[in-house]
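The following block contains the structure:
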């Protein structure tokens, strides 16, 4: 009994001693700052969500490895993810769940497809949660919301810049300007926002006649009907805008089957999913060769070293917009936290909107200059033009970021 | 001439898609029709067939050097006994406990089937997500871009080789299953168990066993079609949802309890879906499809090819 008492005494002393020595250290432990990521981790766009998560996780890892948020006693960032599912309704309910489960979130990013982001930001705006997105729809920052910024150019901006850029390329390569234009596009919001911009502002200004205009709802069970119209009309330039690999495969394979693939009808498309590694594994380099892809951000000449590092650490064959933009957005949040020295949501949002950087976090966005206007849109965000060459999408414009020279597909 | 070409080309695509949908609908009708069982995991079993095909075709191509399409056809044939066995095991171990036992006093509601099969579907979806990730896969093969062509440049028709073979194999599988149902003693007992379970028990038919056989054949047919569809349709763990609504619509449109009726229901869905493109924009093709579906339910609730008596 005596020995037990002594043992207890020694043990208790050790515990008390440890508690005394540990308490000040624990009190100095910096708080954890939670950042949310809403993205599709299930459904047909799950792969894009996985790429966003990979980018955001790498950024959090890098920031924490470098000491966290210095101005907040080295507070560490923590990423909290939630599945946006496969519909705007599910995305909205995911945002509601995220906010109720994690009331101490300081900011968030997502949710990939514009229609998801529109639904998610209805919730985050009411909660006053700062939100960063690379979704394209003009509506996102056109609703007068205060708690959102877009780090990529909007659909309208991309529409205005992309077609003229490709037209100029065609003229340089062939000596002729395309005269006819075709559209085969998905019916989702961001796509129609882009297509609407093309139809209302671009075609007339560029002297283009619209000869095919087909809209489909995903999943596309068969592309025969749409591509047959393309085969008959033979536009000088065709815009296809699917938002998943399955629909892109159906369209491109049908074009080859109908004898208008391989550059016979030059193709442009939009959206990072159309330049993802899965496009190559499911469709093949031959069918993709020469296709132009318009995106809001990508691996560029300036980011070569970082991209190499992200490639190595993520195991992906190349760095997509989903990954690099998510990576950069977490760094933008870090930058704002350092400046504002506060994790208060309103103060943080004001700091994010006041961002004015030309390097550091700006290095992760093509154009290398990140500022936001009153609406929350990135000032001067350039459209990035990629081209599939030899089984890989290379940045070909803007020239300052180009990693390869654009080649006009040879009509045969 | 251009309009005629568009109509003819659309109908060619519609018939091929229709045969593929028809075979999937027929597979579901075996469960829905014979067992009166609501299976919301049916799309996931099709997806399981796709993943099986992906793995088996990859192995076959690497080991014996056959073309990817032929490898997928062999994989589809291999999937038949495998998924039949899985179906029988699942029925014995799980589903027979919630199947309606028409011959006894115990009856199970469709709610319990719905909950169990939805759970099964979530397990299969997330299991595939764990095993294969969210990356879409497909069995790349040249038949998806190759076609037989007819006519000259003014009037040219294309018949896609891959779709044609898949539609033909789907049709053949349906015919074989129909022969099993109509010409064999096993088929007669299954039909007996479906038509009047009490009478079937009275004449010595072990209804549970034949429900299990029906479930096994249904899964085998679904996986067979999934293995073939994988040659042209990229798949991911959630791909089953793309087809499930079409399958149920085809079964209800064709007529509950009618195997060939369900095939024709699926065929009709394929034709309506594609032919609607001739009159309305493509994005409305499913709206037209479900409008026809609603009309059919209102005007002929037993289904186009179903019999009123089958629902009593």
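Protein chains in written order, with my numbering: chain A, 3 to 414; chain B, 435 to 746.
Quick reminder that beta carbons are idealized off the backbone N, C-alpha and C, glycines included.
If you're wondering where the values come from, they're calculated on a predicted model, not measured in any experiment.
Legend: CB atoms of the segment 221-233 of chain A lying less than 7 Å from CB atoms of chain B belong to residues 221, 223, 224, 226, 227, 228, 230.
Under the DSSP assignment, residue 185 of chain A falls in the beta strand (DSSP E) whose first and last residues are 182-188. Contact annotation for residue 668 of chain B against chain A: 247, 248, 251, 284 [CB-CB distance below 7 Å, chain order]. The C-beta of residue 280 of chain A comes closer than 7 Å to at least one C-beta of chain B.
By a beta-carbon distance limit of 8 Å, residue 216 of chain A contacts residue 716 of chain B. Their separation comes to about 6 Å. Taking the Cα of residue 131 of chain A as reference, the smallest distance to any Cα among A/148, A/139, A/120 is reached at A/148.
Proximity of the segment 211-230 of chain A to the segment 442-452 of chain B meets the contact definition, three or more beta-carbon pairs being nearer than 8 Å. Taking a cut-off of 8 Å on C-beta distances, the segment 92-107 of chain A does not touch the segment 350-362 of chain A, as fewer than three cross pairs fall below it.
Taking 7 Å as the cut-off between beta carbons, the residues of the segment 189-209 of chain A near chain B are 189, in sequence order. For residue 212 of chain A, the enclosing beta strand (DSSP E) begins and ends at 211-218.
The count of Cβ pairs closer than 8 Å, one atom from the segment 452-471 of chain B and one from the segment 698-705 of chain B, reaches three, so the stretches are in contact.
Rounded to whole angstroms, the separation of the alpha carbons of residue 652 of chain B and residue 551 of chain B is 15 Å. Selection B/439, B/509, B/462 evaluated against residue 650 of chain B yields B/462 as nearest (Cα-Cα). The beta carbon of residue 487 of chain B sits closer than 6 Å to the beta carbons of 506, 509, 661, 664 from its chain, once the five residues preceding and following it are set aside; these are given in chain order. Within 7 Å of the CB of residue 217 of chain A, the CB atoms of chain B belong to 715, 716, 717, in sequence order along the chain.
The count of Cβ pairs closer than 8 Å, one atom from the segment 391-407 of chain A and one from the segment 290-302 of chain A, reaches three, so the stretches are in contact. Using a Cβ-Cβ cut-off of 7 Å, residue 676 of chain B counts as an interface residue toward chain A, since at least one Cβ of chain A sits closer than that to its own. At least one CB of chain B lies nearer than 7 Å to the CB of residue 52 of chain A. Of A/172, A/389, A/71, A/334, the smallest CA-CA separation from residue 296 of chain A is found for A/389.
Residue-level contact by beta carbon fails for residue 376 of chain A and chain B, as no gap is shorter than 7 Å. Residue-level contact check: residue 502 of chain B does not touch chain A, since none of the beta carbons of chain A fall below 7 Å from its beta carbon. Of all alpha-carbon atoms in A/387, A/233, A/71, the one lying nearest the alpha-carbon of residue 186 of chain A is that of A/233. Take residue 249 of chain A, set aside five residues on each side of it, and the residues of its chain with a beta-carbon closer than 7 Å to its own are 188, 220, 221, 222, in chain order. Boundaries of the alpha helix (DSSP H) around residue 645 of chain B: 641-663. Excluding the 5 residues flanking it on each side, residue 62 of chain A has same chain C-beta neighbours closer than 8 Å at 37, 79, 80, 81, 332, in chain order.
Here DSSP, grouped into helix, strand and coil, assigns residue 386 of chain A to strand. Residue A/241 holds the alpha-carbon nearest to the alpha-carbon of residue 198 of chain A among A/235, A/241, A/174, A/274.
Secondary structure within the segment 452-515 of chain B: the alpha helix (DSSP H) runs of 4 or more consecutive residues, fully enclosed, are 476-498 (chain order). The beta carbon of residue 575 of chain B sits no closer than 7 Å to any beta carbon of chain A.
The DSSP-derived three-state label of residue 317 of chain A is coil.
Listed in chain order, the beta strand (DSSP E) elements of length 3 or more contained wholly in the segment 270-304 of chain A are 294-297. The alpha-carbon separation between residue 381 of chain A and residue 202 of chain A amounts to approximately 23 Å. Residue 266 of chain A carries a coil assignment under DSSP once its states are collapsed to helix, strand and coil. B/557 is the residue among B/698, B/577, B/557, B/582 whose C-alpha sits nearest the C-alpha of residue 482 of chain B.
Looking from the CA of residue 595 of chain B, the closest CA among A/126, A/392, A/259 belongs to A/259. Remark: C-beta atoms of residue 280 of chain A and residue 578 of chain B do not approach each other more closely than 7 Å.
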